[in-house]
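Engineer: Below you'll find the structure I mean.
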Amino acid sequence: MAKHITIPKNFMTIFIVTFFMSNALATTLLPPNDIADRFHNDSETIKIASSDFGHIVQEIPAAVFYPNSIDDIASLVKYAYNNSVPINVAARGQAHSTWGQSLARDGVVVNMTSLENRLNGSGIIVSSDSSLGSYADVGGEQLWIDVLNTTLQYGLSPVSWVDYLYLTVGGTLSNAGISGQSFRFGPQISNVYELDVITGKGEFVTCSPKENSELYYAVLGGLGQFGIITRARIALEPAPKRVKWLRLFYSDFSAFTRDQESLISKNERRDNKALNYLEGMLLLNQGPQDLSFYPVSAYARINSLVTKYGIIYCLEAAKYYYDDRESRVEKELLDLLKGNLGFLPDFMFEKDVTYMEFLNRVRSSELFLRSKGQWEVPHPWLNLFVPESRILDFNSGVLKNIILKQKIPAGIVLIYPMNRNKWDYKMSVVIPDEDVFYVVSMLHSSGFNKWEAYDNQNKEILQFCDGAGIKVKPYLGHYETQEEWINHFGSKWESFRARKALFDPKMILSPGQRIFNNNWGV
Ligand code: FAD
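Quick note, our numbering runs 5 ahead of the 1-based positions in the sequence shown.
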């Protein structure tokens with residue numbers, strides 16, 4: 006059972022000792038004096054650290070730790086590791102997880118953003134050298150929006166992104182970090198040269214493909230299981246100035262996926278003629294659409310198209326350009342699209358925006374939803390990687406027969422392909438075993454009493470895939486038993502488990518993932 010405790014703030018040290026004594030076996034260990042005042046357990050702090058963006062799972066921690074330095078985190082983890090009853094520790098970036106992954110029942114949640122304050126602006130340092138070119142050394146607690154703002158001051162930018170930039174570097178690198186750039190540049194984890202990590206024993210280790218490589222590969226996509234990322238060295242390239250941004254509508258799913266796959270087949274990093282970004286989304290006949298991208302004059306015909314077909318598939322592509330290359334980029338785009346694509350001819354929409362406007366495109370939706378009180382609501386999300394060979398079956402079985410038919414307003418549904426060769430098999434993340442696979446993101450928002458309907462639908466989708474032999478892999482997923490995790494990791498499970506034994510032998514890190522220390526339902 007999770008516990009509520011009320012203890013005067015000033016007795017934090019006593020609280021920690023008392024709590025863990027009452028919680029399990031007696032302990033004589035005090036948190037070291039130099040970090041004792043970093044623990045907080047006032048009710049407001051505990052409440053915030055008990056929940057996440059999903060607003061579905063609640064786990065009450067014993068305390069929240071506000072580090073002033075990386076040494077503080079190392080001291081905390083050492084203390085947690087050496088305690089006679091090991092203490093669970095969860096790094097918390099922005100808690101943008103949706104199923105409790107950054108929570109720690111009865112343990113200590115590390116508020117990573119408190120590091121941002123102590124760094125006095127030194128959390129992002131841009132450098133270059135002859136072997137790597139340009140790169141940024143970035144604190145694990147930093148937000149991608151801040152990485153972008155800082156690197157742009159040097160005319161530079163990371164190449165692989167997430168759709169929403171108010172996520173932390175440590176949080177996305179613990180998953181993969183995917184967006185429309187992944188088909189060409191790989192996920193964010195494929196663009197990291199080096200990491201500083203505090204392992205589950207409290208050891209500070211620098212790792213890279215050449216140095217302590219086992220830890221490097223474990224941590225990237227490692228769901229926070231092997232260490233806390235305190236620094237990542239991120240690859241940078243010259244920053245584009247502007248972006249041609251296109252949306253093309255399809256009523257025919259096979260034409261939509263054929264065109265997406267054809268466009269991502271041109272994917273060399275250095276091929277300036279390739280697209281920089283490709284995604285896709287559904288427009289569903291299930292209530293009002295977000296049409297803010299399109300000219301107002303097109304609203305009526307878009308709505309009648311969606312009403313006519315029930316589902317419209319929208320291919321979204323972008324091409325970056327520098328200074329005065331607008332006419333050239335127009336031509337390159339036309340060359341790419343010319344003649345071969347099967348979109349509905351009157352349904353091609355185009356925008357020309359700054360690079361910042363493009364990358365930060367989700368922010369305006371966030372602010373809008375916040376203003377309507379619709380941001381801090383349950384998010385029963387389901388993100389899946391679907392093998393390319395079964396994407397047509399997925400369309401008929403899931404998109405048409407479950408999502409469209411059940412008429413529970415689906416919100417945003419993204420669907421776009423990626424190339425497997427841009428991912429590194431040695432990293433912890435699991436993807437389907439095909440050269441091309443799709444990400445399908447069902448980003449539902451619901452009322453506080455209504456998320457179960459989505460959860461049931463999510464379960465139905467997984468059951469359908471299982472029954473139909475569609476070997477999907479959840480991304481940002483959650484499971485209720487270790488057997489399900491073993492099945493998820495498949496042939497990677499043994500190395501995942503062995504790495505856990507090596508780097509976090511007492512299994513104290515990121516308990517909210519419920520892979521090793523599952524006390525769910527106890
Ligand atoms: P948290 O939720 O705080 O943490 C996630 C996990 O990582 C936890 O297990 C935590 O313990 C661990 N962790 C956190 N920091 C560290 C660290 N420094 N070292 C080690 N472990 C750590 N993901 C994509 O890939 N692409 C997208 O386009 C995308 N868009 C999103 C849009 C929105 C609006 C939201 C809410 C999420 C989106 N995500 C996307 C998902 C996002 O990547 C995950 O939620 C991720 O966990 C990042 O969130 P966070 O930084 O708040 O991490």
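Cβ coordinates follow ideal geometry from the N, Cα and C atoms, glycine included.
1. Would you identify the three-state DSSP class for Leu-288, choosing helix, strand or coil?
2. Using three-state DSSP, classify Phe-494 as helix, strand or coil.
3. Please specify which runs of the beta strand (DSSP E), each continuous and at least 3 residues long, are wholly inside the stretch 311-382, giving them in chain order.
4. Using a 10 Å radius around the Cβ and a threshold of 16 neighbouring Cβ atoms, would you call Thr-312 buried or exposed?
5. Please classify Ala-95: does DSSP put it in a helix, a strand, or coil?
6. Please report how far the alpha carbon of Met-512 lies from the alpha carbon of Lys-206, in whole angstroms.
7. Buried or exposed: which applies to Ala-31, given that a residue is buried once 16 or more other Cβ atoms fall within 10 Å of its Cβ?
8. Does the beta-carbon of Arg-274 have 16 or more other beta-carbons within 10 angstroms, so that it is buried, or is it exposed?
9. Please list the segments of the alpha helix (DSSP H) lying wholly inside the stretch 118-201, counting only runs of 4 or more residues, in order along the chain.
10. So what's Asn-463 in DSSP terms, helix, strand or just coil?
11. Leaving aside the five residues before and after Ile-75 along the sequence, list all residues of the same chain whose C-beta is less than 6 Å from its C-beta, in chain order.
12. In terms of residue numbering, what span does the beta strand (DSSP E) encompassing Phe-390 cover?
13. Would you report the Cα separation of Asn-28 and Ala-68, rounded to the nearest angstrom?
14. Less than 7 Å between the CB of Asp-276 and some heavy atom of the ligand FAD, yes or no?
15. Helix, strand or coil: how does DSSP classify Asn-116 here?
16. Is the separation between the beta-carbon of Tyr-318 and that of Gly-347 shorter than 8 Å?
17. Please report how far the alpha carbon of Ala-54 lies from the alpha carbon of Ser-135, in whole angstroms.
18. If you run the structure through DSSP and keep just helix, strand and coil, what is Arg-274?
19. So the alpha helix (DSSP H) Ser-218 belongs to, where does it begin and stop?
20. Just the C-alpha distance for Ser-450 and Asp-39, rounded to the nearest angstrom, thanks.
21. Can you say whether Arg-238 is buried or exposed, counting buried as having 16 or more other CB atoms within 10 angstroms of its CB?
22. Could you spell out the range, first to last residue, of the beta strand (DSSP E) harbouring Asn-3?
23. State yes or no: is the C-beta of Val-574 nearer than 7 Å to some heavy atom of the ligand FAD?
Structural biologist: Taking the geometry as given:
1. strand
2. The answer is helix: DSSP assigns Phe-494 an H, G or I state.
3. 316-326 and 353-359
4. exposed
5. strand
6. 10 Å
7. Unreliable positioning characterises Ala-31 in this predicted model, as indicated by a pLDDT of 37, which lies under 50. The coordinate reading is nonetheless provided below. Exposed, since its Cβ has fewer than 16 Cβ neighbours within 10 Å.
8. Arg-274 is exposed by the Cβ-count criterion.
9. 118-123, 149-157, 174-178 and 187-190
10. helix
11. Thr-235
12. 387-392
13. Reliability of the predicted coordinates at Asn-28 is poor, the pLDDT of 48 falling under 50, and the value obtained from them is presented with this limitation in mind. Roughly 13 Å separates the two Cα atoms.
14. no
15. strand
16. no
17. Their Cα atoms are separated by approximately 43 Å.
18. coil
19. Per DSSP, Ser-218 belongs to the alpha helix (DSSP H) from 218-224.
20. 43 Å
21. buried
22. What the structure shows of the chain is the stretch from 6 to 527, and residue 3 is not part of that stretch, so it cannot be assessed.
23. Within the shown structure, residues of the chain are numbered from 6 to 527, placing residue 574 beyond reach of any answer.
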